[in-house]
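Asker: When we follow our numbering, the leftmost residue of the sequence shown carries the number 832, and every step to the right adds one. Ideal Cβ positions, reconstructed from N, Cα and C, are used throughout, including at glycine. Keep in mind the model is a prediction, meaning the values are calculated, not measured. Below: one structure in structure tokens.
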Amino acid sequence: MPCRKKPLCVFGPVDSRRLGRSLGINLVPFKTCSMNCIYCECGETTFLTAERKEFFPAEEVLGELAKVLEERKLSFGEDFGLDFVTFSGLGEPTLHSRFGEILRRIREEYPMLKTCLLTNASLFSDPVVRKEAAQAHLVIPSLDGSDEEEFCKINRPEKSVTFQKVLEGITSFRRETEGLVKMFLEVFLVPGINDSPSSAERFRCLAEKIRPDAVQLNFLDRPGAVSGLAPVPEETLERFSSVISPSCPVEIPGRKKRDPGTNFAEVEFSLLNLLRKNGPCDAEKISADLLLPGPEIQRHLGMLCSAGFARTGRKGQALFYVLTDAGAKFLREKEGSC
Ligand code: SF4
């Protein structure tokens, strides 16, 4: 069985609910982050740090990207069939000490590509990091707590990272880049922590202070790092939207995802097809066949299992995944409609 010694820095593309067809760039090893968010789809942070480092050599990241883009150009032409190149992945991208240089070189070498940074903004109190991030076309910082208490409960940050620092960092970034860089503020709502009416009002005040292009409300749709978390109900999203929208536009990009199957990404179809073709497979084989990192594959498998299109089984110690009848029917219907 093929085995990947080093994680891939470039992954996808995936059909992102917010960014269209997005090619991902991961700059840190699993799972390196300045936060350990309870909802994190990658699981628990194993290396909690706020120290910047060249985790993967910048030249290797750019080399991997060049190879992927070269192949895509043959099939898709000048725009590579992509809407965005997105810095995200298995931890916080700005922790990479040459993140700014990598971003700059992508913009110089591929001026036709749009770039996006998904960040927890933990390092935005540093003007150097803000300057680096300002090279992206679109920046989506997260602010999940409306105060220090909610922030600590949800994001479980490294000790030097505080709510005030993150808030001031995002506010400064917006002040410095308004009109130059598009910015959405992401708020992840967690039942029982930041979903009260007083939280909604505090978020409205924060949105008024930060003035992003829009607030994007996010919610759990795949298993998080902590078990037992539930998505907030639709009514909560509506309530938050109506409280915040007088001060700032509000978007709920993931809402359609609640209809299983209607918003599956290409990778999920590939995964179902692979299970149909090969029968039961373990996650390692799937990861090797689809050339995607293990945690990414686990996320898609989790989604397919919760939609009832795949299920797990065990053979001795080994955990494998199987296509269900509902998954096979879904594939047939999908193929019939194409
Ligand atoms: S900041 Fe992002 S990568 Fe880090 S733990 Fe939170 S959700 Fe996961």
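Is DSSP giving residue 843 helix, strand or coil here?
Answerer: Three-state result, residue 843: strand.
Asker: Are there 16 or more other CB atoms within 10 angstroms of the CB of residue 958, so buried, or fewer, so exposed?
Answerer: Residue 958 should be labelled exposed.
Asker: Please name the residue, chosen from 1025, 1076, 1057, 1024, that lies closest to residue 1042 on a Cα-to-Cα basis.
Answerer: Of 1025, 1076, 1057, 1024, the residue nearest in Cα terms is 1076.
Asker: Going along the chain, which unbroken runs of the alpha helix (DSSP H) with 4 or more residues stay wholly within the segment 1016–1087?
Answerer: Runs of the alpha helix (DSSP H) spanning 4 or more residues and lying entirely within the segment 1016–1087 occur at 1028–1041, 1065–1075, in chain order.
Asker: Kindly indicate which residue of 926, 1002, 997, 1011 has the alpha-carbon position closest to the one of residue 965.
Answerer: Closest by alpha carbon: 1011.
Asker: Which residues mark the beginning and the end of the beta strand (DSSP E) in which residue 855 is found?
Answerer: 851–857
Asker: Would you call residue 1089 buried or exposed, if buried means 16 or more other Cβ atoms sit within 10 Å of its Cβ?
Answerer: Bear in mind that a pLDDT of 42 at residue 1089, under 50, signals an unreliable position, so the model cannot answer this.
Asker: In the structure shown, what three-state DSSP assignment does residue 881 receive?
Answerer: Residue 881: coil per DSSP, three-state reduction.
Asker: Report yes or no: do three or more beta-carbon pairs, one from the segment 969–988 and one from the segment 855–873, lie closer than 8 Å?
Answerer: Yes: at least three Cβ pairs fall under 8 Å.
Asker: Which first and last residues belong to the alpha helix (DSSP H) in which residue 971 is found?
Answerer: Counting along the chain, no alpha helix (DSSP H) covers residue 971; the unbroken beta strand (DSSP E) around it starts and ends at 969–972.
Asker: What does DSSP give as the partner residues of residue 1146 in its beta bridges?
Answerer: 1149
Asker: Going by C-alpha to C-alpha distance, which of 1120, 1128, 1100 sits closest to residue 1164?
Answerer: 1100
Asker: Relative to the ligand SF4, is the shortest distance from any of its heavy atoms to the C-beta of residue 983 smaller than 7 Å?
Answerer: no
Asker: Bridge partners for residue 1154 per DSSP, in chain order?
Answerer: 1141
Asker: DSSP three-state call for residue 919: helix, strand or coil?
Answerer: Strand at residue 919.
Asker: Can you say whether residue 1093 is buried or exposed, counting buried as having 16 or more other CB atoms within 10 angstroms of its CB?
Answerer: The predicted model places residue 1093 with a pLDDT of 44, which falls under 50 and marks its position as unreliable; any figure quoted below should be read in that light. By the 10 Å Cβ count, residue 1093 comes out exposed.
Asker: Between 1156, 1129, 909, 1006, which lies nearest to residue 1044 when the distance is taken from Cα to Cα?
Answerer: 1006
Asker: State the CB to CB distance for the pair residue 917 and residue 854, rounded to an integer number of angstroms; the pair is presumed to be in contact (CB under 8 Å).
Answerer: 7 Å
Asker: If you check the beta carbons only, do residue 850 and residue 915 fall under 8 Å apart?
Answerer: yes
Asker: Going by the DSSP bridge assignment, what does residue 864 pair with across the sheet?
Answerer: 879
Asker: Using only CA atoms, which one of 999, 900, 858, 1051 lies nearest to residue 954?
Answerer: Ranking 999, 900, 858, 1051 by CA distance to the CA of residue 954 puts 999 first.
Asker: Which of helix, strand or coil does DSSP assign to residue 873?
Answerer: coil
Asker: Which residues does DSSP pair with residue 993 in a beta bridge?
Answerer: Answer is none; residue 993 lacks a bridge partner.
Asker: Below 8 Å on the Cβ atoms is my guess for residue 1022 versus residue 1061; work out the distance and round it to an integer in Å.
Answerer: 6 Å
Asker: My understanding is that residue 926 touches residue 880, with C-beta atoms under 8 Å, so please give their C-beta distance in whole angstroms.
Answerer: 7 Å
Asker: Do residue 1149 and residue 1113 have their beta-carbon atoms positioned less than 8 Å apart in this structure?
Answerer: yes
Asker: Quick one: what's residue 1013 bridged to in DSSP?
Answerer: 969.
Asker: Let me check understanding here. Comparing Cα to Cα, which of 1153, 977, 950, 1115 lies closest to residue 971?
Answerer: 950
Asker: Does the segment 932–946 touch the segment 869–884, meaning 3 or more C-beta pairs lie closer than 8 Å?
Answerer: no
Asker: Nearer than 7 Å: is that true of the beta carbon of residue 1036 relative to any heavy atom of the ligand SF4?
Answerer: no
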